[in-house]
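Colleague:
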Amino acid sequence: AQSVAQPEDQVNVAEGNPLTVKCTYSVSGNPYLFWYVQYPNRGLQFLLKYITGDNLVKGSYGFEAEFNKSQTSFHLKKPSALVSDSALYFCAVRDITGGSYIPTFGRGTSLIVHP
Amino acid sequence: DVKVTQSSRYLVKRTGEKVFLECVQDMDHENMFWYRQDPGLGLRLIYFSYDVKMKEKGDIPEGYSVSREKKERFSLILESASTNQTSMYLCASSLSSTSGELFFGEGSRLTVL
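Structural data, given as structure tokens:
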């Protein structure tokens, strides 16, 4: 079984400050982990993924995420937030052990960046 | 770039009507998905297809059916629309590799009156 939790419904941050959006996961085997962003009335866009290798993954728009196996976490980070980063962010996990193509998504975290 | 196109961005239908939501992808992806998105519930998988004419039920298939006659096209069908099917519907596709990310369409916002 696979599951993912995004413990915060909303994250507020001031423009220019660092941001973190949290994600924890649960899988039976090894995970593939993904972050997506959704702007209002749009579909989801892929930001980055962890498959294997370096625990720090860099993605689009200056975002990065750190895979922490011991804490089963994959938090999304950005050193300096922009107002345009305000959006809904989804974490997703896929357990590679079973070979499933189907990811499980978190419920999403609304990021609000204040000017 | 991969393009996933959902034919209708906004639809308004009446209870009991049959509704077709069409999705086309242009990157020869094997896998296609239909999700519905509701506030506070995130994305819930309705149906999944890993090949032409192949389909698997997701978490909430009741009241829905799907059709995949061609590799690039995956249709979601509401046989008799009900008000509780008012939602945002998202189509996605991916390569067969399990490491592949999903590519989403822009969404179809359906309102059933």
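The listed protein sequences correspond, in order, to chains E and B. Just so we're aligned: the first sequence equals residues 1 to 115 in our numbering. Just so we're aligned: the second sequence equals residues 1001 to 1113 in our numbering. Even for Gly, the Cβ is constructed at its ideal location relative to N, Cα and C. Predicted model only: the values in this text are computed from it and were never measured.
Applying a beta-carbon distance threshold of less than 8 Å, which residues of chain B neighbour Pro-103 of chain E?
Modeller: The answer, in chain order, is Leu-1102.
Colleague: Is the separation between the beta-carbon of Ser-1075 of chain B and that of Ser-1067 of chain B shorter than 8 Å?
Modeller: Yes.
Colleague: Smallest Cα separation from Ser-1094 of chain B: which of E:Leu-48, E:Tyr-101, E:Asp-95?
Modeller: Checking every option, the nearest Cα to that of Ser-1094 of chain B belongs to E:Tyr-101.
Colleague: Who are the neighbours of Gly-108 of chain E on chain B, taking C-beta pairs under 7 Å?
Modeller: Near Gly-108 of chain E (Cβ distances below 7 Å), the residues of chain B are Gly-1042.
Colleague: Measure from the alpha carbon of Lys-1003 of chain B to the alpha carbon of each residue in B:Gln-1025, B:Lys-1053, B:Thr-1015, B:Leu-1011, then state which is nearest.
Modeller: Considering only alpha carbons, the answer is B:Gln-1025.
Colleague: In this structure, how does DSSP classify Gln-6 of chain E when only helix, strand and coil are distinguished?
Modeller: Coil at Gln-6 of chain E, not helix or strand.
Colleague: Determine the extent of the beta strand (DSSP E) in which Ile-1077 of chain B is found, giving its start and end residues.
Modeller: Counting along the chain, the beta strand (DSSP E) containing Ile-1077 of chain B begins and ends at 1073-1078.
Colleague: Look up Val-83 of chain E in the DSSP assignment and say whether it is helix, strand or coil.
Modeller: Val-83 of chain E falls in the helix class under three-state DSSP.
Colleague: Phe-90 of chain E touches chain B at which residues, Cβ-Cβ below 8 Å?
Modeller: Correct list: Gly-1042, Leu-1043.
Colleague: Taking only beta-carbon positions, decide if Gly-59 of chain E is within less than 8 Å of chain B.
Modeller: No, its Cβ sits nowhere closer than 8 Å to a Cβ of chain B.
Colleague: Against chain E, which members of the segment 1005-1025 of chain B pass a CB distance test of less than 7 Å?
Modeller: Cβ contacts with chain E: none found.
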